[in-house]
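See structure below.
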Amino acid sequence: MNIPTRSLSLLAWIVLAATARPDLQAADAMPTLEIQADRATAKFSPMFYGLMTEEINFSYEGGIYGELIRNRSFKADAINAGIKPNAYNPAKYYPVQIAVSNPPKFWRAVGGAVLMLDTNTPLNEALNVSLKLDASAASKQSPAGVANGGYWGIPVKPRTTYRVSFYAKAAPGFTGPLTVSLESADGKTSFASAKVSGLGGEWKKFQTKLTTQRGQPTKDNVFKLTTAMPGTLWLQQVSVFPPTYHNRPNGTRPDIMGLLAGLRPAFLRLPGGNYVEGNFFNQRFNWKETIGPVEQRPGHASCWGYWSTDGLGLLEYAEWCEDLKMEPVLAVFAGYALRGDRVEAGPGLEPYVQEALEEIEYLTGDAATTKWGARRAKDGHRASFPLHYVEIGNEDFFDRSGSYDGRFAQFYDAIKAKYPQLQVIATTPVKSRVADLIDEHYYRNQQEMEAQSHMYDTRGRTNHTKVFVGEWATRVGSPTPNMAGALGDAAWMCCMERDADLVVLECFAPLFVNVSQLTGSGRSMQWESDLIGYNALTSYGSPSYYVEKLFAENHGDVIVPVKAEGIPTVEQVPPAGRRGGTPQPRRVPGLYYTATRDTAKGTVYLKVVNVADAPQPVRVNMTGVASVGRDGEAVVLAADSPLETNSIEDPLKLAPVTTKVSGLGISFTRTLPKFSVNVFKFKTRLDRSGASAAAAATASQAENNPGPPPPTTTAPAPTTIASTPTPAPAPGAARPVPPVRIKAGKSEPIKDAEGNVWLADQGFEGGQTLERPDIQIANTKTPDIYRAERYSMDSFSWPVPNGKYVVILHFAETYEGINGPGERVFSFNVQGHEYKDFDVWVKAGGPLKAYVETVPVAVTNGVIKVTFTPNVENPQINGIEILPQP
Ligand code: AHR
1 MNIPTRSLSL LAWIVLAATA RPDLQAADAM PTLEIQADRA TAKFSPMFYG LMTEEINFSY
61 EGGIYGELIR NRSFKADAIN AGIKPNAYNP AKYYPVQIAV SNPPKFWRAV GGAVLMLDTN
121 TPLNEALNVS LKLDASAASK QSPAGVANGG YWGIPVKPRT TYRVSFYAKA APGFTGPLTV
181 SLESADGKTS FASAKVSGLG GEWKKFQTKL TTQRGQPTKD NVFKLTTAMP GTLWLQQVSV
241 FPPTYHNRPN GTRPDIMGLL AGLRPAFLRL PGGNYVEGNF FNQRFNWKET IGPVEQRPGH
301 ASCWGYWSTD GLGLLEYAEW CEDLKMEPVL AVFAGYALRG DRVEAGPGLE PYVQEALEEI
361 EYLTGDAATT KWGARRAKDG HRASFPLHYV EIGNEDFFDR SGSYDGRFAQ FYDAIKAKYP
421 QLQVIATTPV KSRVADLIDE HYYRNQQEME AQSHMYDTRG RTNHTKVFVG EWATRVGSPT
481 PNMAGALGDA AWMCCMERDA DLVVLECFAP LFVNVSQLTG SGRSMQWESD LIGYNALTSY
541 GSPSYYVEKL FAENHGDVIV PVKAEGIPTV EQVPPAGRRG GTPQPRRVPG LYYTATRDTA
601 KGTVYLKVVN VADAPQPVRV NMTGVASVGR DGEAVVLAAD SPLETNSIED PLKLAPVTTK
661 VSGLGISFTR TLPKFSVNVF KFKTRLDRSG ASAAAAATAS QAENNPGPPP PTTTAPAPTT
721 IASTPTPAPA PGAARPVPPV RIKAGKSEPI KDAEGNVWLA DQGFEGGQTL ERPDIQIANT
781 KTPDIYRAER YSMDSFSWPV PNGKYVVILH FAETYEGING PGERVFSFNV QGHEYKDFDV
841 WVKAGGPLKA YVETVPVAVT NGVIKVTFTP NVENPQINGI EILPQP
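The following block contains the structure:
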């Protein structure tokens, strides 16, 4: 987060500011996006879309990590005082202290049991405390024991098997049995129970399964461990796991993994964020203490205010990557902790550099020939993991001492020497070395995201260093972003994608939030506007999640330039500054866009974001292609209001809708819904001859039969933006306005008997097309005009300079299902001229006869529009001519 302080009050200010909405100002003329489909400004990195993760908002504990028991190792109250670097030996293990006078957090006594934390009976050096359970009051009538309510509930699902395990030892005379069960919190329902016995004077691991029967999924439940026999026992590492993703032991939660899989991520930036650094050196993510058997992992106090068991450790991160076919982007601790402690470059830093090299070896080293590769195999994963990127620290711009340059150089040199193939990421600009990438972070409100959404277009390309946008989010909406946030995200993602020659990796942050307790002491959320929300039982994707999904699912392998004309603007009121004052409104684009092409399939993906509070017609022109398939697909995420959102109660209120679209061509129009993120997928064939159909069409238009006015700029820059609408040429201006003829229902242009070119079907919104190549048509010199039709369409629009025109509509009843008058009746409206209850059969005097309706119109808004309304059967049309009048 590149703001000068990490204080929450500043964050609150940003969030408040983000609720302001701009007023809409509609454009006067239709904006045009010209996709230069045969050009590629960059290859699109297959690693582009990824995830960022850290332990925040109960992301692992009470999140993706499958464990259901909260405070399973009784260290939630551990006193983990920060140690200064000069007193700290990174190779040494520093056990935490436990305040034994505190009652064990998140556990409660059942029956007459007395609970105490006990450091005199530790399980081992790592788990140096246990729960002493005095059950001397236990009886058959009143069993005594402990209950745990999980992370704001324990999810119980029907016909599901839960794996219970715990370590226990007993005072002399007590052997059990113990009953473990899943029960409703009110104690009225027991879902499953099992008995274990055989406790003794030594620590022993016990395991059993609980299988539920039929019923509804619920979360207001507890796990109980009780005994009916009087005695004393100790417990440690009390664990309950539901089924996990891919059934991995110590694995992850399937519903959340399913949501992540939907994002098709290529990488996981891990383990932070601030979490890699920790508040102090002894609270960093010390990867060596997060591997091996879970009961030997000490855990640590994480910087987000709660204890981490490190059950999800380095190997589990890597397996999480493996399960979703992504690879780690590994952030290593770089000798700087969040509260400002640091070790300067030099010998003092060397142990941390070695630690990083070993961490890389743990992930990538050969199991047979490297020490840490062998350790990974011993931990259960013989195969190495792919790794291409290593990040040195996190947000080291907070280190005002200037030590990062030297620290980075020391890590960089050591990593490049041993792993020259790795790309090394800096977290702030450095001069000492040329970093392969720089990690930039942007947490902004919607207005700021939109305002910076052309930022990378103009960034210099001479520097070798590429950009990793390793944390970013439009922070509007809590706990998860609303549609305003999603629109800001989409505008920003257009920028990153369009500039993918420079930006090679990106990931939203934070990824997760447990939404169970949003406020108050011990809350489940430390940071608002997170991508995915969940409680103990269910999870959901925010509108921003669906934007990520739309983008990640729909892209090609090269970026193609889009030339924009007449982009409307909207008024933005920037957020008030921290010192008050009334910020001046400013105008920013109302549309954002990017296009990519799949070179093998020829599919072009156009993404367009309409942030305005009104539908926006857009003309799309494609150049450099021989043809564009008439049929394509649109995927649209839209909302009635920017405040609409998804939630745990209404998880799919906003979700993308995919529809088939037809009437596409080298030039066509679409109306984008208000507040919408749109992806259009077209099938194209590139014009390899060098003279594209689009160019040919443009040329022929110029002398004979043109389509929309050609773009006014031909600059080779990847993208041009007009911040105000392009004015239509004045009537009578130097350039004569040529006629336009559209052959509805045909994918190729045709010529009429006079030699006029009729452009292929385009300009329609909605409907389908049909060809009847063999029929005979009376009353025309050019029957071909009537041998194809568009039917069931909503409208047709075509941008023209303001002035006078004659619009000629061509109809013929050619459908064998219509056998007389009154069987197809519809209305149409041409620039306000209403034709009600129009019956082609009646007008033409029967089937297979051409009928022409001529409508003189005056255009003052830069577009000719025809709308169609069905009455009986569908509207249909065969052709439209637009003839300029003097
Ligand atoms: O994503 C939340 C936090 O923001 C990250 O931990 C940190 O890197 C940034 O300040």
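If you're matching positions, the sequence shown starts at 1 in my numbering and goes up one per residue. Glycine included, each C-beta is placed from N, C-alpha and C at the ideal position.
Original post:
In terms of residue numbering, what span does the alpha helix (DSSP H) encompassing W492 cover?
Top reply: Boundaries of the alpha helix (DSSP H) around W492: M483 to R498.
Original post:
In three-state DSSP terms, what is T474?
Top reply: Judged by DSSP in its simplified three-state form, T474 adopts strand.
Original post:
For the ligand AHR, is there a heavy atom less than 6 Å away from the beta-carbon of E395?
Top reply: It does: the Cβ of E395 is within 6 Å (strictly closer) of some heavy atom of the ligand AHR.
**OP:** May I ask you to report which of helix, strand or coil DSSP gives R21?
**Re:** Note that R21 scores 35 on pLDDT, short of 50, meaning its location in the model is unreliable; the coordinates nonetheless yield the value given after this. Of the three classes helix, strand and coil, the one that applies to R21 here is coil, per DSSP.
**OP:** Could you tell me whether any non-hydrogen atom of the ligand AHR is closer than 6 Å to the CB of N445?
**Re:** Judged by the Cβ position, N445 fails to qualify as a neighbour of the ligand AHR at the 6 Å threshold, every heavy atom of the ligand being at least this far.
Original post:
Distance, Cα to Cα, K325 vs L314?
Top reply: The straight-line gap from Cα to Cα measures roughly 16 Å.
Original post:
Is A473 near F512, with beta carbons less than 7 Å apart?
Top reply: Between A473 and F512, the gap from beta carbon to beta carbon reaches 7 Å or more.
Original post:
Closest to H555 by CA distance: which of K601, S529, T569 and T538 is it?
Top reply: Cα-wise, what sits closest to H555 is K601.
Original post:
If you count every other CB in all the chains shown that lies within 10 Å of the CB of E881, and 16 or more means buried, which is it?
Top reply: Around the CB of E881, 16 or more other CB atoms lie within 10 Å, so the residue is classed as buried.
**OP:** Below 8 Å on the Cβ atoms is my guess for V560 versus V604; work out the distance and round it to an integer in Å.
**Re:** The C-beta separation of V560 from V604 comes to about 7 Å, placing the pair in contact by the 8 Å criterion.
Subject >> N274 beta carbon near the ligand AHR (any heavy atom closer than 6 Å) >> reply: Indeed, a heavy atom of the ligand AHR lies less than 6 Å from the Cβ.
**OP:** Answer with buried or exposed for P22, where buried requires no fewer than 16 other C-beta atoms within 10 angstroms of its C-beta.
**Re:** Caution is warranted here: a pLDDT of 34 is assigned to P22, below 50, making its placement in the model unreliable, and the coordinate value is therefore given only provisionally. A buried status is given to P22, since no fewer than 16 other beta-carbon atoms sit within 10 Å of its beta-carbon.
**OP:** Determine the direct distance from the alpha carbon of L123 to that of A905, and round the result to whole angstroms.
**Re:** Since the first and last residues shown for the chain are 1 and 886, residue 905 lies out of range.
**OP:** Could you work out which residue in F682, G470 and P615 is closest to F48 when comparing CA atoms only?
**Re:** Put simply, of F682, G470 and P615 the residue whose alpha carbon is nearest the alpha carbon of F48 is G470.
**OP:** Can you grab the Cα-Cα spacing for the pair C495 / E450, in whole Å?
**Re:** Cα atoms of C495 and E450: separation of roughly 9 Å, rounded to the nearest angstrom.
**OP:** Could you tell me whether any non-hydrogen atom of the ligand AHR is closer than 6 Å to the CB of A509?
**Re:** A509 has its CB nearer than 6 Å to a heavy atom of the ligand AHR.
**OP:** Ignore the nearest five residues each way along the sequence and tell me which others in P749's own chain have a CB closer than 8 Å to its CB.
**Re:** These residues qualify, in order along the chain: A697, K743, V757, W758, L759 and A760.
Original post:
Who are the near neighbours of K660 in its chain, counting only those whose CB is closer than 7 Å to its CB and skipping five residues on each side?
Top reply: The answer, listed in chain order, is D631 and E633.
Original post:
Under 7 Å between C-beta atoms, does A138 make it to chain B?
Top reply: Protein chains in the displayed structure number just one, and chain B is not present.
Subject >> Outcome for L652 when other beta-carbon atoms lying within 10 angstroms are tallied against a minimum of 16 >> reply: L652 should be labelled exposed.
**OP:** Tell me whether Y151 is buried or exposed, calling it buried when 16 or more other Cβ atoms sit within 10 Å of its Cβ.
**Re:** Classification of Y151: buried, given that the 10 Å Cβ count is 16 or more.
Original post:
For N247, which of helix, strand or coil comes out of DSSP?
Top reply: Helix.
Original post:
CA-CA distance, Q213 and I648?
Top reply: Q213 and I648: Cα-Cα distance of roughly 25 Å.
Original post:
So does E471 have its beta carbon nearer than 6 Å to some heavy atom of the ligand AHR?
Top reply: At least one heavy atom of the ligand AHR is nearer than 6 Å to the Cβ of E471, so yes.
**OP:** Using only alpha-carbon positions, find the residue among W307, I392 and S165 that is nearest to I79.
**Re:** Closest by alpha carbon: W307.
Original post:
Given S403, which residues of its chain have a CB within under 6 Å of its CB, disregarding the five upstream and five downstream residues?
Top reply: So the list reads R342 and E344, once near-sequence residues are dropped.
Original post:
For the ligand NAP, is there a heavy atom less than 6 Å away from the beta-carbon of R39?
Top reply: Because the ligand NAP does not appear in the structure shown, any question about it cannot be addressed here, the ligands present being the ligand AHR.
Original post:
By Cβ distance, which residues of its chain are closer than 6 Å to W287, with the 5 residues on each side in sequence left out?
Top reply: Closer than 6 Å at Cβ, skipping near neighbours: L314 and E359.
Original post:
How long is the line joining the alpha carbons of T869 and M793, rounded to whole angstroms?
Top reply: Going from the Cα of T869 to the Cα of M793 covers about 9 Å.
Subject >> Extent of the continuous beta strand (DSSP E) run through G145 >> reply: Start and end: A144 to N148.
Original post:
Any contact of the region 566–574 with the region 604–618, i.e. 3+ C-beta pairs under 8 Å?
Top reply: Result yes; three or more Cβ-Cβ pairs closer than 8 Å.
Subject >> C-beta contact flag for R433 and Y412 at 7 Å >> reply: Yes, the pair counts as a contact, with Cβ atoms nearer than the cut-off.
**OP:** Go ahead and pull the three-state DSSP assignment for Q216.
**Re:** Correct three-state label for Q216: coil.
**OP:** Compare the beta carbon distance of T867 and F44 with 7 Å and say whether it is the shorter of the two.
**Re:** No. Outside cutoff.
Original post:
To which residues does DSSP link G533 through a beta bridge?
Top reply: Looking at the DSSP output, G533 bridges to V513 and Y540.
Original post:
By the 10 Å Cβ neighbour count, where 16 or more other Cβ atoms means buried, how is A368 classified, buried or exposed?
Top reply: Counting Cβ neighbours within 10 Å, A368 comes out exposed, since fewer than 16 surround it.
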